[in-house]
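Participant:
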Amino acid sequence: MTSRHTCYLSIDLEDYKHATMLDMGLEPRTNPEQTWRGIDRILSVLRETNNHHALTLFTTGQVARDQPDLVREMATQGHEIACHSDQHENVYTLNRAGFLQNLRRAKDALETAGGQPVIGYRAPNFSIDDRTPWAYSVLAEAGFLYDSSLVTNNCSPRAEACDLMTTPGGELFEFPIYRHMLAQNCGIRVIGGTYFRLLPLRFIVTLMKKSAALGYIPLIYLHAADADDLSSPVRWSEMSRLPYLSRCAWSLRQQQWLLGAHSVADKLRAILALFPHQGPMCRALPVHTTAQGTGPSL
Numbered sequence: 406m407t408s409r410h411t412c413y414l415s416i417d418l419e420d421y422k423h424a425t426m427l428d429m430g431l432e433p434r435t436n437p438e439q440t441w442r443g444i445d446r447i448l449s450v451l452r453e454t455n456n457h458h459a460l461t462l463f464t465t466g467q468v469a470r471d472q473p474d475l476v477r478e479m480a481t482q483g484h485e486i487a488c489h490s491d492q493h494e495n496v497y498t499l500n501r502a503g504f505l506q507n508l509r510r511a512k513d514a515l516e517t518a519g520g521q522p523v524i525g526y527r528a529p530n531f532s533i534d535d536r537t538p539w540a541y542s543v544l545a546e547a548g549f550l551y552d553s554s555l556v557t558n559n560c561s562p563r564a565e566a567c568d569l570m571t572t573p574g575g576e577l578f579e580f581p582i583y584r585h586m587l588a589q590n591c592g593i594r595v596i597g598g599t600y601f602r603l604l605p606l607r608f609i610v611t612l613m614k615k616s617a618a619l620g621y622i623p624l625i626y627l628h629a630a631d632a633d634d635l636s637s638p639v640r641w642s643e644m645s646r647l648p649y650l651s652r653c654a655w656s657l658r659q660q661q662w663l664l665g666a667h668s669v670a671d672k673l674r675a676i677l678a679l680f681p682h683q684g685p686m687c688r689a690l691p692v693h694t695t696a697q698g699t700g701p702s703l
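See the structure below:
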């Protein structure tokens, strides 16, 4: 059982420049400086607030291959390295076989760089949905023990730390993300990313308390870029192959990513004072799961 006045903070760690250029259909480039800078800012808040210093980093295989020193350093510091796909592909763009191949490629890169078993997964953009009914079974088949991709507004109380689902591929624990519905087809994921940057602190705290009251574990998911307000991932000149209107649209979208980034550290300090961070997410799994040697020694 986990206190309802605690939370688990995690980082979704993709190289924003690489992932964005792939979405644009351009040859991707990397921006390791932004990745390091954003992580340092988030971890510094944990140190300042005397919270548990270790957390879970849902990391892409691309980051592990291009920045193995970063993944190795995070693992050495005691953080859990989990999987965030290979190159930040949305799951619904893959078929079953492609998803399994994607997972294995990413898992191999992450375990090689981090030197620890990778047992957790979170889909980019929470992209496991009705189009991918096989996804959870494939995750279990690929050797993952838990997932944190399910977004739900299910109001039935959850008394346990995480839910156990049985799939044809094996058992898988699920850390669901609570979605607070404002209107039909309009909800807020509690809480991270754009919502964390743009929503007022008081409203965020209210949503976290509501999710806890409904039996969810309050989860905070941040990207390295959420805490970095210095630059857009992709410059105008790097989009020269795109049509003019597409360049304008992508420039505006990237400016939206910068909005509120300056407030992330202060909000995080205030929230962690009310919802102390409990460490890597694997620690919320039943004791027997990691005691068998299948999980990281965190």
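The opening position of the sequence shown corresponds to residue 406 in the working numbering, with each subsequent residue numbered one higher.
Virtual Cβ for every residue (Gly too), placed ideally from N, Cα, C.
On the premise that Asp428 lies in contact with Gly466, defined as a C-beta separation below 8 Å, what is that separation, rounded to the nearest angstrom?
Facilitator: Residue mapping note: residue 466 aligns to position 61 of the sequence shown, counting from 1. Residue mapping note: residue 428 aligns to position 23 of the sequence shown, counting from 1. 17 Å between Cβ atoms; not a contact.
Participant: Since Met686 and Glu485 are thought to touch, with beta carbons under 8 Å apart, how far apart are those beta carbons, to the nearest angstrom?
Facilitator: As a position in the sequence shown, residue 686 is number 281, starting the count at 1. As a position in the sequence shown, residue 485 is number 80, starting the count at 1. That belief holds up - the Cβ atoms of Met686 and Glu485 are roughly 7 Å apart, short of 8 Å.
Participant: Rounded to whole angstroms, what is the Cα-Cα separation between Glu419 and Pro433?
Facilitator: Mapped onto the sequence shown, residue 419 falls at position 14. Mapped onto the sequence shown, residue 433 falls at position 28. The straight-line gap from Cα to Cα measures roughly 13 Å.
Participant: Which two residues bound the contiguous alpha helix (DSSP H) that contains Gly592?
Facilitator: Stepping through the sequence shown from its first residue, residue 592 is reached at position 187. That residue, Gly592, is in no alpha helix (DSSP H); its beta strand (DSSP E) goes 591 to 595.
Participant: Using DSSP with H/G/I as helix, E/B as strand and the rest coil, what is Thr572?
Facilitator: As a position in the sequence shown, residue 572 is number 167, starting the count at 1. DSSP places Thr572 in strand when its eight states are reduced to three.
Participant: When the Cα of Lys615 is compared with those of Ala630, Arg594, Thr599, which residue comes out closest?
Facilitator: Counting from 1 along the sequence shown, the entry for residue 615 is found at position 210. Out of Ala630, Arg594, Thr599, Arg594 has the C-alpha closest to the C-alpha of Lys615.
Participant: Let me make sure I understand the geometry here. Which of Gln506, Ala547, Asn500 has the alpha-carbon closest to that of Pro538?
Facilitator: Here residue 538 refers to the residue found at position 133 of the sequence shown. Looking at the Cα atoms, Asn500 is the closest of the given residues.
Participant: Taking the CB atoms as reference points, tell me whether Ile609 and Ile676 lie closer together than 9 Å.
Facilitator: Numbered from its first residue, the sequence shown carries residue 609 at position 204. Numbered from its first residue, the sequence shown carries residue 676 at position 271. For Ile609 and Ile676, yes; Cβs fall inside 9 Å.
Participant: Can you tell me whether Glu432 is helix, strand or coil according to DSSP?
Facilitator: Along the sequence shown, read from residue 1 onward, the residue named residue 432 stands at position 27. Glu432: coil per DSSP, three-state reduction.
Participant: Just the Cα atoms here: how many angstroms apart are Gly700 and Asp417?
Facilitator: Within the sequence shown, numbered from 1, the residue matching residue 700 stands at position 295. Within the sequence shown, numbered from 1, the residue matching residue 417 stands at position 12. No answer about Gly700 holds up, because its pLDDT of 44 lies below 50 and its placement is not dependable.
Participant: Enumerate in chain order the residues of its own chain whose CB-to-CB distance from Glu494 is below 8 Å, with the five nearest sequence positions on each side excluded.
Facilitator: Against the sequence shown, residue 494 aligns to sequence position 89. Asn507, Pro529.
Participant: Out of Arg607, Ile582, Ala487, Gly483, which has the shortest C-alpha to C-alpha gap to Phe463?
Facilitator: Taking the first residue of the sequence shown as position 1, residue 463 is located at position 58. Among Arg607, Ile582, Ala487, Gly483, the Cα nearest to that of Phe463 is on Ala487.
Participant: Can you say whether Ser645 is buried or exposed, counting buried as having 16 or more other CB atoms within 10 angstroms of its CB?
Facilitator: Here residue 645 is taken as the residue at index 240 of the sequence shown, counted from 1. Classification of Ser645: exposed, given that the 10 Å Cβ count is below 16.
Participant: Mapping DSSP to helix, strand and coil, what is Gly598?
Facilitator: Here the question's residue 598 lines up with position 193 in the sequence shown. Note: Gly598 maps to helix in three-state DSSP.
Participant: Any chance the segment 572 to 587 sits against the segment 539 to 559, with 3 or more Cβ pairs inside 8 Å?
Facilitator: The answer is yes - the segment 539 to 559 touches the segment 572 to 587, with three or more Cβ pairs under 8 Å.
Participant: What span of residues does the beta strand (DSSP E) with Arg584 cover, start to end?
Facilitator: As a first step, residue 584 is located in the sequence shown; it is residue number 179 there, counting from the start. Looking at the DSSP string, the run of the beta strand (DSSP E) that includes Arg584 is 582 to 588.
Participant: Cys488 bridges to which residues according to DSSP?
Facilitator: As a working note, residue 488 is residue 83 in the sequence shown. Answer is Thr464, Tyr526, bridged to Cys488.
Participant: Tell me the DSSP bridge mates of Tyr551?
Facilitator: In the sequence shown, the residue the question calls residue 551 occupies position 146. Paired residues: Gly525, Phe578.
Participant: Given a cut-off of 9 Å on the beta-carbon distance, is the pair His457 and Pro681 in contact?
Facilitator: In the sequence shown, residue 457 corresponds to position 52, counting from 1. In the sequence shown, residue 681 corresponds to position 276, counting from 1. A contact, by the Cβ cut-off of 9 Å.
Participant: Helix or strand or just coil, what does DSSP make of Val496?
Facilitator: Residue 496 sits at position 91 when you count from the first residue of the sequence shown. DSSP places Val496 in helix when its eight states are reduced to three.
Participant: What are the residues that DSSP puts in a beta bridge with Ser415?
Facilitator: On the sequence shown, position 10 is the one that residue 415 refers to. Its beta-bridge partners are Thr461, Tyr626.
Participant: Using only the alpha-carbon positions, how far apart do Ser553 and Ile582 sit?
Facilitator: Residue 553 sits at position 148 when you count from the first residue of the sequence shown. Residue 582 sits at position 177 when you count from the first residue of the sequence shown. Cα to Cα, the separation comes out at about 7 Å.
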